[in-house]
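Asks: Its first residue numbered 3, the sequence shown is counted upward by one per residue in our numbering.
For each residue, glycine too, the CB sits at the ideal point set by N, CA and C.
The structure displayed is predicted, hence computed values, not measured ones.
Just dropping this structure here.
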Amino acid sequence: MKDKVEKAAIKQIELDEWNHRKEVLEIMRQYSIPVSKYYEFRFHIVGKIISYSCYIIGWFMPYYFAGRLESGNVCEYFRMMQYFHELGIIEHNQTLYEMGIKEKEHEIYFLGKIKNRKLLPVFEKIFSWGATKSFNDIDLEKKYPIEESKVYCKK
Ligand SMILES: [Fe+2]
């Protein structure tokens, strides 16, 4: 990754994720949900392995799997909002909506970087994510506002 602009974009995505982590932690604290030491440890290791592997395997796969991961994260926020609604809790709507949309932006960013690569159709077949397949039904061009976002992620 030689490009300064690209590095800055990736850095921004990292900052967004740290911010999401902080916001999710706040919600968890509010409901006294403990942080899983096992997950903290497991994903720390996963992150380290992936970050070191980037020096070896080139950039297509890190971009691809980052995009695929983001794609799956989008609905986690919308579903969380829907579960809260079942309990009559609406105070987290704004935060959860924004985080879900942000993840979609990340997905689209990574997809944009690899969409013309010859490997993409192959990976799309095997790993079920790519130019025509997504793990969510959000369309940034035709976004629903918060009040109507309950239609998202029903499958
Ligand atoms: Fe993200």
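1. If contacts are defined as beta-carbon pairs under 8 Å, then L142 and A133 qualify, I think. What distance do you get, rounded to the angstrom?
2. Within 8 Å, do at least three Cβ pairs link the segment 62 to 74 to the segment 106 to 113?
3. Whole angstroms are fine: how far does the CA of E126 sit from the CA of K135?
4. Quick check: the Cα distance between I47 and E149, rounded to an integer number of angstroms?
5. Would the segment 94 to 105 and the segment 10 to 27 be scored as touching if the rule is three or more Cβ pairs under 8 Å?
6. How would you label V7, buried or exposed, when you count the other beta carbons within 10 angstroms and need 16 or more for buried?
7. Please report how far the alpha carbon of V124 lies from the alpha carbon of K9, in whole angstroms.
8. Look at the alpha carbon of I59 and the alpha carbon of I92, and state the distance between them as a whole number of angstroms.
Replies: The answer reads as follows:
1. Taking the first residue of the sequence shown as position 1, residue 142 is located at position 140. Taking the first residue of the sequence shown as position 1, residue 133 is located at position 131. That belief does not hold up - the Cβ atoms of L142 and A133 are roughly 15 Å apart, past 8 Å.
2. Yes: at least three Cβ pairs fall under 8 Å.
3. Position 133 of the sequence shown holds residue 135. Position 124 of the sequence shown holds residue 126. Spanning the two alpha carbons is a distance of roughly 7 Å.
4. Taking the sequence shown and counting its residues from 1, one reaches residue 47 at position 45. Taking the sequence shown and counting its residues from 1, one reaches residue 149 at position 147. Cα to Cα, the separation comes out at about 38 Å.
5. A contact exists between the segment 94 to 105 and the segment 10 to 27.
6. The residue given as residue 7 occupies position 5 in the sequence shown. Its Cβ having fewer than 16 others within 10 Å, V7 is exposed.
7. Sequence index remark: in the sequence shown, residue 124 carries index 122 (1-based). Sequence index remark: in the sequence shown, residue 9 carries index 7 (1-based). When the Cα atoms are used, V124 and K9 turn out to be separated by approximately 27 Å.
8. In the sequence shown, residue 59 corresponds to position 57, counting from 1. In the sequence shown, residue 92 corresponds to position 90, counting from 1. Annotation: I59 to I92 spans about 44 Å, alpha carbon to alpha carbon.
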